[in-house]
Amino acid sequence: MIKYDLHSHSTHSDGKLSVEELVQRAAEKGVNVLALTDHDTVAGIAPAKQAIADLNLDLELVPGVEISTRWHSFEIHIVGLQVDTQAPQLLDLLGEQQQKRSERALKIGERLDKAGFQSTHEKAMLLAERAQVTRAHFARVLVEQGAAKSVQGVFKKYLSRGNTGYVPSTWCDMQTAIDAIHSAGGQAVLAHPARYKMSNKWLRKLIQEFSSLGGDAMEVAQTQQAPCERQFLGQLARENNLLCSQGSDFHFPLPYIELGKNLYLPKDCDGVWQRWQ
Ligand code: AMP
Ligand code: MN
Ligand code: MN
Ligand code: MN
């Protein structure tokens, strides 16, 4: 059995492990095929491939990316798998998204500083270094400044939709992301469909629309999910003619989230990797 983990992050976005540490850990955890899917960047792909070669690891790297999109009032993430990291249309789109990330970070910083925190933009940028700056970086800064005990707590109080530090998104739409992924020869995968805090009615609408726009697959299996969720998502995938994907969405080691952990598809589900053979 090949162990696939098709969603992970490195220090090129909001992950805490360098690509070297990430690929080494994936191999240690028995992952055979790992997709690196940093937020709105493919900058980590070449160094990750290099690290696998240098460390002589028995690991296949799938070049990937996780693109933020807007759909109604939601921020929907679309993973691209097997993308050509040189494809011009994809690189153009990622350039625009990166610009939007920088502009949004300035605004988030202004709002948080007005709310009484100190130099949050500068500190988040320092944490991110040359990586794509995300709300997760701001969350770490706010934990340091005592806003809440945990990153999750900070998201709940300051960074989620409707909170003081939330800046409404200007991300591209789903069609633009799907088309850019296709132009790069990749598959477009709807990421973590059960995590958008929407009713099942909206979720069905989202999946239907994603499929009709040309989306290829959706994530069905995650490391941590409610017992019935996998079956339910598998059924929705089948109903909408989507292939199925699985991924840990690993950002850093946690007791309950690990590379390759608990990843398998329900029966009667076709893996997105069937397209790769
Ligand atoms: P951004 O793409 O900049 O909006 O940041 C979103 C990232 O923040 C996600 O990819 C997660 O890694 C992280 N994140 C979002 N919501 C939460 C949460 N409630 N708790 C912890 N991390 C979160
Ligand atoms: Mn993230
Ligand atoms: Mn995501
Ligand atoms: Mn992710």
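Going by the working numbering, 535 is the number at position 109 of the sequence shown; the sequence numbering is gapless. In this text, a Cβ means the ideal position worked out from N, Cα and C, and glycines have one as well. Bear in mind that the values here come from a model prediction, so they are computed numbers and not experimental data.
- In the three-state scheme derived from DSSP, where H, G and I count as helix and E and B as strand, SER576 is classed as coil.
- Excluding five sequence positions before and after THR495, the CB atoms of its chain that fall closer than 8 Å to its own CB belong to GLU501, ILE502, HIS503, ILE504, TRP597, CYS598, ASP599, MET600, THR602 and ALA603, given in chain order.
- DSSP, reduced to helix, strand and coil, places THR546 within a helical segment of the structure shown.
- Taking the Cα of ASP484 as reference, the smallest distance to any Cα among VAL615, GLU635 and GLU454 is reached at GLU454.
- Put simply, the region 542-562 does not touch the region 446-463. Fewer than three CB pairs are less than 8 Å apart.
- If you draw a 10 Å sphere on the C-beta of GLU548, you find fewer than 16 other C-beta atoms in it, and that means exposed.
- DSSP places LEU519 in the uninterrupted alpha helix (DSSP H) bounded by 514-540.
- Ranked by Cα distance from GLN476, the first of TYR682, GLY506 and VAL445 is VAL445.
- Excluding five sequence positions before and after ARG664, the CB atoms of its chain that fall closer than 8 Å to its own CB belong to ASP694 and CYS695, given in chain order.
- Proximity of the beta carbon of ALA617 to ligand 4 is indicated: a heavy atom of the ligand is located closer than 7 Å.
- Proximity to HIS563 across PRO594, GLN523, LEU516 and ARG530 peaks at ARG530, based on C-alpha coordinates.
- Take the alpha-carbon of HIS618 and the one of HIS677: they are about 14 Å apart.
- At a Cβ-Cβ threshold of 8 Å, HIS438 and THR467 count as neighbours.
- Residue range 643-647 is occupied by the beta strand (DSSP E) that includes MET644.
- Put simply, the residues with a CB less than 6 Å from any heavy atom of ligand 1 are ASP440, HIS465, SER494, THR560, ARG561, ALA562, VAL577, GLN578, PHE581 and HIS677, in chain order.
- In terms of Cα proximity to GLY640, the closest of ASN626, ALA614 and LEU659 is ALA614.
- As a beta-bridge residue in DSSP terms, PHE500 pairs with TRP497.
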